[in-house]
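Participant: Please read through the structure below; I'll follow up with questions.
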Amino acid sequence: MLERYPFTRVLSTEERARLRERVILFLHEKSIVGAGGLVVRDGMRMSIAAQACMLILNLDLEYYRGWVEVIVYPDEFVAEYDYVDEDGIAHHVEAPMTGESWLEGPVILSWADAELRGEEPGYNVVIHEFAHKLDMLNGDANGFPPLHPGMDREAWPRAFGAAYDDFCRRVARGEPSAIDAYAAEHPSEFFAVLSEAFFETPAAVRAEYRDVYRQLAAFYRQDPAARQERQGGQS
Ligand SMILES: [Zn+2]
1 MLERYPFTRV
11 LSTEERARLR
21 ERVILFLHEK
31 SIVGAGGLVV
41 RDGMRMSIAA
51 QACMLILNLD
61 LEYYRGWVEV
71 IVYPDEFVAE
81 YDYVDEDGIA
91 HHVEAPMTGE
101 SWLEGPVILS
111 WADAELRGEE
121 PGYNVVIHEF
131 AHKLDMLNGD
141 ANGFPPLHPG
151 MDREAWPRAF
161 GAAYDDFCRR
171 VARGEPSAID
181 AYAAEHPSEF
191 FAVLSEAFFE
201 TPAAVRAEYR
211 DVYRQLAAFY
221 RQDPAARQER
231 QGGQS
């Protein structure tokens with residue numbers, strides 16, 4: 001299992017042991033259930049837990065407090081919701097989704113999309129949705145998770161704000177980037193997509209947005225680019 005992902009393959013012996021501990025706790029505290037006819041096998045459970053626990057490898061399971069369920073669909077699922085717009089008009093939306101995270105509610109994943117990782121470097125729906133969970137620890141998803149004591153509260157919005165504006169401009173101009181254009185949707189999506197890339201293709205994040213990389217490294221308490229260099233990994 002730990003040989004499967006570019007970010008777990010390069011872990012040190014000590015980090016692997018810690019990831020295993022986190023996975024055991026995660027599987028003890030969370031329930032991973034199938035929906036839409038999917039039967040969740042042990043391997044799927046392990047795979048989801050291992051990826052989810054990469055984000056909290058140097059934090060702890062408390063970061064996933066306040067909810068218990070991970071719901072897994074076989075493929076894209078349809079999210080249905082109602083909302084009232086600024087003009088007071090009610091809308092009913094049905095949208096196909098690859099993943100979804102509810103505030104103080106479940107994480108919902110499409111297994112087909114969770115399995116896609118590896119085909120598109122930097123794409124990881126499990127890391128994406130669990131990053132939203134961390135973002136939502138202090139309320140709505142806004143790209144500003146609770147920072148650790150000692151982290152500069154101004155450096156985060158400065159780094160992310162500048163990078164987000166720059167990225168949106170580049171996407172609008174059609175400039176190439178190693179980062180998925182979906183990051184331009186909203187600051188919360190920028191944080192989730194940059195978190196995917198931080199673990200999957202860290203050198204690319206460091207090269208394009210060094211200040212954001214530094215903030216993510218301080219928040220996750222990990223330096224995946226250095227880890228890949230140390231292990232001579234080229235993924
Ligand atoms: Zn998202």
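When the sequence shown is numbered by our numbering, its final residue is 235 and no position is left out of the sequence of numbers. Glycine residues also receive a C-beta, built at the ideal position from the N, C-alpha and C atoms.
1) Go ahead and pull the three-state DSSP assignment for GLY161.
2) Going by DSSP, what residue range makes up the beta strand (DSSP E) through ILE236?
3) How many angstroms separate the CA atom of ARG173 from the CA atom of ALA17?
4) In three-state DSSP terms, what is ARG9?
5) Is HIS91 a contact residue of ligand 1, with contact defined as CB to any heavy atom under 8 Å?
6) Are ALA203 and HIS148 touching if we call contact CB-CB under 9 Å?
7) Would you mind stating whether PHE77 and PRO96 have Cβ atoms separated by less than 9 Å?
8) Since I believe ILE32 is in contact with ILE56 (beta carbons under 8 Å), could you give me their beta-carbon distance rounded to a whole number of angstroms?
9) Could you spell out where the beta strand (DSSP E) holding ALA90 opens and where it closes?
10) For the beta strand (DSSP E) containing ALA79, list its first residue and its last residue.
11) Reducing DSSP to helix, strand and coil, say where ARG41 ends up.
12) Quick one: residues with CB closer than 6 Å to any heavy atom of ligand 1, in chain order, please.
13) Would ALA252 and HIS132 qualify as a contact pair, given that the criterion is a beta-carbon distance under 9 Å?
14) Among ASP211, CYS53 and LEU25, whose alpha-carbon lies nearest the alpha-carbon of GLU15?
15) Measure how close the beta-carbons of VAL72 and MET46 come, nearest whole angstrom, since I'm counting them as under 8 Å.
16) By a C-beta neighbour count over all protein chains shown, 10 Å radius and 16 as the cutoff for buried, is THR98 buried or exposed?
17) May I have the straight-line CA-CA distance separating TRP111 from ASP75, to the nearest angstrom?
18) Which of the three DSSP states, helix, strand or coil, is assigned to GLU208?
19) Would you kindly work out how many angstroms separate the C-alpha atoms of PHE199 and ILE89, rounded to a whole number?
20) For my contact list, VAL84 and PHE160 are in at a C-beta cut-off of 8 Å; report their separation, rounded to the angstrom.
21) For GLY37, which residues in the same chain have their Cβ closer than 8 Å to its Cβ, ignoring the five residues on either side in sequence?
22) What span of residues does the alpha helix (DSSP H) with ILE127 cover, start to end?
23) So what's ILE32 in DSSP terms, helix, strand or just coil?
24) SER177 and MET136: beta carbons closer than 9 Å?
25) Nearest to TRP67 by CA position, among LEU61, GLU104, ALA35 and GLY34, is which residue?
Facilitator: If we stick to the structure as given:
1) Here GLY161 carries a helix assignment [DSSP, helix/strand/coil].
2) Because residue 236 is not part of the residues shown, which for the chain are 1 to 235, the question remains open.
3) 45 Å
4) helix
5) no
6) no
7) Contact: yes.
8) Their Cβ separation, rounded to whole angstroms, is 16 Å, which puts ILE56 and ILE32 out of contact at 8 Å.
9) 90–97
10) 77–84
11) coil
12) HIS128, HIS132, GLU189 and ALA192
13) The first residue shown for the chain is 1 and the last is 235, placing residue 252 beyond what the model contains.
14) CYS53
15) Rounded, the Cβ-Cβ distance is 13 Å, inconsistent with contact.
16) buried
17) 6 Å
18) Helix.
19) The alpha-carbon atoms of PHE199 and ILE89 are separated by roughly 41 Å.
20) Not quite, the Cβ-Cβ distance comes to about 30 Å (not below 8 Å), so this is no contact.
21) PRO74
22) 125–135
23) strand
24) By the CB criterion at 9 Å, SER177 and MET136 fall outside the cutoff.
25) GLU104
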